[in-house]
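Engineer: FYI, in mature numbering (1 follows the signal peptide of the UniProt record, and there is no 0) the residues of the sequence shown are -29 to -1, 1 to 342.
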Amino acid sequence: MTIRVKFPWIVSFISLVSFSFSTAVPSIAAETTQPQQNAEILTIEKAIKLVNAADSEVALASLDAENDDVNARIVKSQLRNIGADSIDSLEFAEQKYVTEAQSAMDARISKLYKESVEADLRGKAILSYYDLLQAYSERESKKRRYNRVNELVQMAKENATSSKNTTVSNVDVMQAEAIASIAKVEWFEAQSTWGETKIKQNEILGVDAQKEWLFPTEDEVTTEDPPISFEDAIASLQTDSFAIAQTKGDMEIAQLRVALINKYSAVSTFYGKIATNNLEKLKVELEHSKKEDVYAVYTLYQKYRDGYQLLQTCKHAVKLASENYDQRISRFKQGTASIGDVLQSEQELAKLEDHYVAARNDFNHIRANFQ
């Protein structure tokens, strides 16, 4: 007795899907193979170079940093002739010391801002690369799936027309064809998503909108980096973020104001009270920012660790599902498994492949943000 897995909704759907592909959908193979003749391999390093060349923000930040550095030197030169002995008022003291300190801080912060812009652009390029890789990987995965199911259709047809056939009926063939049609729809959708993603990310990369890309094989893609340790994550807090560096600079100016008021006036005055309160506010803001950074690192590390574990789990699950599918194929050829069994294992494999592609994309983004 032959046991078959039934797909009643598929049988009723097959005619509509087959008609739509024969009349409305152009050859996907023609659309995906022809443009790739002029495609280049995109790497993270290449994406970073392209974004740096296309984006003007670093150039503008560099000019601002240079201007602030020159201005700091001018201010220092102009105030050099004002000796401490000649200062006899708070206003005069602030004009010399605060103005000089402010210009020096502006130059230092501008340099840090330029470095932060460079880091932001690097992150922007890496995320752009991963967005392209995700769309590309999904398209290739759907393409492989369609080819895999299409092979099942051919096997089912050969088995159904064979004089020795004992397992495949015409209904079984229709079930296989319906799943192949659905797989083709998903491939077409993935191809459309790739086209849209390519245009969007090519704008960020500063290349032609229709520029085609290829990617290194999965073994070459840096998904299997050595895991980042928690100690490395905590050590990253030793380097001040741009926001904290800016707050520390503001605190230095505020402390200088309070010191000058204390020397040339009195902190008990209204002006002194305001300056003291402003300094206390900056201290509170600094502690708050430090605490935020600590929690941000903890959160990112938790996401990184969970994402890595999920990626490895999905990868192992795909391997097992692929082995199970191959065994079902072998049993089908031996006549000990139905085409329904094979189709069911194929659908389980396809579902896990989708999970793996999504998990890899999520992990790549988490790692990029964490680093």
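Just so you know, even glycine gets a beta-carbon here, dropped at the ideal spot from N, CA and C.
(1) On a CA-only basis, which of Ala18, Val238 and Ala151 is nearest Asn121? Give me that one, please.
(2) Going by other Cβ atoms of all chains shown within 10 Å of its Cβ, with 16 needed for buried, is Leu123 buried or exposed?
(3) Identify which residue in Val29, Ala267, Pro187 and Ser112 has its Cα closest to the Cα of Ala204.
(4) According to DSSP, is Ile12 helix, strand or coil?
(5) Would you check if the distance between the CB atom of Ala96 and the CB atom of Ile19 is smaller than 8 Å?
(6) Apart from the five residues on each side of it in sequence, which residues of its chain come closer than 6 Å, Cβ to Cβ, to Ser(-18)?
(7) Please identify the residue among Ala149, Ala147, Arg119 and Lys262 whose C-alpha is closest to the C-alpha of Ala321.
(8) Can the beta-carbon of Ala154 be found less than 8 Å from the beta-carbon of Arg110?
(9) From the DSSP secondary-structure annotation, give me the bridge partner or partners of Glu184.
(10) Considering only C-alpha positions, which residue in the set Glu37, Thr218 and Leu227 is nearest to Gln66?
(11) For the candidate residues Gln146, Ser108 and Asp91, whose alpha-carbon lies nearest to that of Ser212?
(12) Among Ala30, Ser74 and Ile300, which residue has its Cα nearest to the Cα of Asn42?
(13) Could you tell me the alpha carbon to alpha carbon distance between Ser316 and Tyr296, rounded to whole angstroms?
(14) Quick one: what does DSSP say Ser239 is sitting in, helix, strand or coil?
(15) Using the C-alpha atoms, what's the distance from Ala64 back to Asp35?
(16) Quick one: give me the first and last residue of the alpha helix (DSSP H) that Ala321 is part of.
(17) Would you kindly report the start and end of the unbroken alpha helix (DSSP H) that includes Thr70?
(18) From Leu61 to Glu37, what does the alpha carbon distance come to, in whole angstroms?
(19) Taking contact to mean 3 or more Cβ pairs, one atom from each stretch, closer than 8 Å, check whether the stretch 210 to 224 and the stretch 245 to 258 are in contact.
(20) Please determine if the stretch 178 to 190 and the stretch 46 to 53 are in contact, where contact requires at least 3 C-beta pairs separated by less than 8 Å.
(21) With respect to the alpha helix (DSSP H) encompassing Leu208, which residues constitute its N-terminal and C-terminal limits?
(22) Given that a residue counts as buried once 16 or more other Cβ atoms are within 10 Å of its Cβ, and exposed if not, what is Leu323?
(23) What is the residue span of the alpha helix (DSSP H) that Gln162 lies within?
(24) Would you decide whether Lys290 is buried or exposed? Buried here means 16 or more other CB atoms lie within 10 Å of its CB.
(25) Report all residues from its chain with a CB closer than 7 Å to the CB of Ser87; omit the five preceding and five following residues, and keep chain order.
(26) Could you pull out every residue in the same chain whose Cβ sits closer than 7 Å to the Cβ of His326, ignoring the five residues on either side in sequence?
(27) Secondary structure at residue 375, three-state DSSP: helix, strand or coil?
Structural biologist: Taking the coordinates as given:
(1) For the purposes of this step, residue 121 is taken as the residue at position 150 of the sequence shown. Checking every option, the nearest Cα to that of Asn121 belongs to Ala151.
(2) Walking along the sequence shown from the start, residue 123 turns up at place 152. Here Leu123 is buried: its Cβ has 16 or more other Cβ atoms, across all protein chains shown, within 10 Å.
(3) If you number the sequence shown from 1, residue 204 lands on position 233. Minimum Cα distance to Ala204 is reached at Ala267.
(4) The count along the sequence shown starts at 1 and reaches residue 12 at position 41. Residue state, collapsed to three classes: strand.
(5) One-based indexing of the sequence shown puts residue 96 at position 125. One-based indexing of the sequence shown puts residue 19 at position 48. Their beta carbons are under 8 Å apart, which means Ala96 touches Ile19 by this criterion.
(6) Sequence index remark: in the sequence shown, residue -18 carries index 12 (1-based). At Ser(-18), the pLDDT of 41 sits below 50, so the modelled position is not reliable; the number obtained from the coordinates is stated separately. There are no such residues.
(7) In the sequence shown, counting from the first residue as 1, residue 321 sits at position 350. Per the C-alpha coordinates, the member of Ala149, Ala147, Arg119 and Lys262 positioned closest to Ala321 is Arg119.
(8) Locating residue 154 in the sequence shown gives position 183, where the first residue counts as 1. Locating residue 110 in the sequence shown gives position 139, where the first residue counts as 1. Result no, Cβ atoms of Ala154 and Arg110 do not sit closer than 8 Å.
(9) By one-based count along the sequence shown, residue 184 stands at place 213. Here residue 184 turns out to be Trp, not Glu, going by the sequence shown. DSSP, once it has assigned bridges, lists Glu11 as partnering Trp184.
(10) Along the sequence shown, one-based indexing puts residue 66 at 95. Ranking Glu37, Thr218 and Leu227 by Cα distance to Gln66 puts Leu227 first.
(11) As a position in the sequence shown, residue 212 is number 241, starting the count at 1. For Ser212, the nearest C-alpha among the options comes from Asp91.
(12) For the purposes of this step, residue 42 is identified with residue 71 of the sequence shown, where counting begins at 1. By alpha-carbon distance to Asn42, the top candidate from Ala30, Ser74 and Ile300 is Ser74.
(13) Within the sequence shown, residue 316 is the residue found at index 345, counting from 1. Within the sequence shown, residue 296 is the residue found at index 325, counting from 1. Between Ser316 and Tyr296, the C-alpha separation is close to 5 Å.
(14) The residue you call residue 239 lines up with position 268 of the sequence shown. Reduced to three states, the DSSP call for Ser239 is coil.
(15) Mapped onto the sequence shown, residue 35 falls at position 64. Mapped onto the sequence shown, residue 64 falls at position 93. Going from the Cα of Asp35 to the Cα of Ala64 covers about 28 Å.
(16) On the sequence shown, position 350 is the one that residue 321 refers to. In the DSSP assignment, Ala321 falls within the alpha helix (DSSP H) that extends over Ile310 to Phe341.
(17) As a first step, residue 70 is located in the sequence shown; it is residue number 99 there, counting from the start. Annotation: the continuous alpha helix (DSSP H) that includes Thr70 extends over Thr70 to Thr132.
(18) Mapped onto the sequence shown, residue 61 falls at position 90. Mapped onto the sequence shown, residue 37 falls at position 66. Cα atoms of Leu61 and Glu37: separation of roughly 31 Å, rounded to the nearest angstrom.
(19) With the cut-off at 8 Å, the stretch 210 to 224 and the stretch 245 to 258 touch.
(20) Contact between the stretch 178 to 190 and the stretch 46 to 53 is absent, because fewer than three Cβ pairs lie under 8 Å.
(21) Looking up residue 208 in the sequence shown gives position 237. Note, Leu208: premise wrong, no alpha helix (DSSP H); not H, not E.
(22) Locating residue 323 in the sequence shown gives position 352, counting from the first residue. Answer is buried; the Cβ neighbour count reaches 16.
(23) Indexing the sequence shown from 1 puts residue 162 at position 191. It spans Asn141 to Leu176 - the alpha helix (DSSP H) in which Gln162 sits, taken as one unbroken run.
(24) As a first step, residue 290 must be located in the sequence shown, where it is residue number 319. By the beta-carbon neighbour count (other beta carbons within 10 angstroms, threshold 16), Lys290 is exposed.
(25) Taking the sequence shown and counting its residues from 1, one reaches residue 87 at position 116. In its chain, beyond the 5 residues on either side, Phe213 have a beta carbon closer than 7 Å to the beta carbon of Ser87.
(26) As a first step, residue 326 must be located in the sequence shown, where it is residue number 355. Contacts found: Cys285.
(27) This structure gives no information on residue 375, because the portion of the chain shown stretches from -29 to 342.
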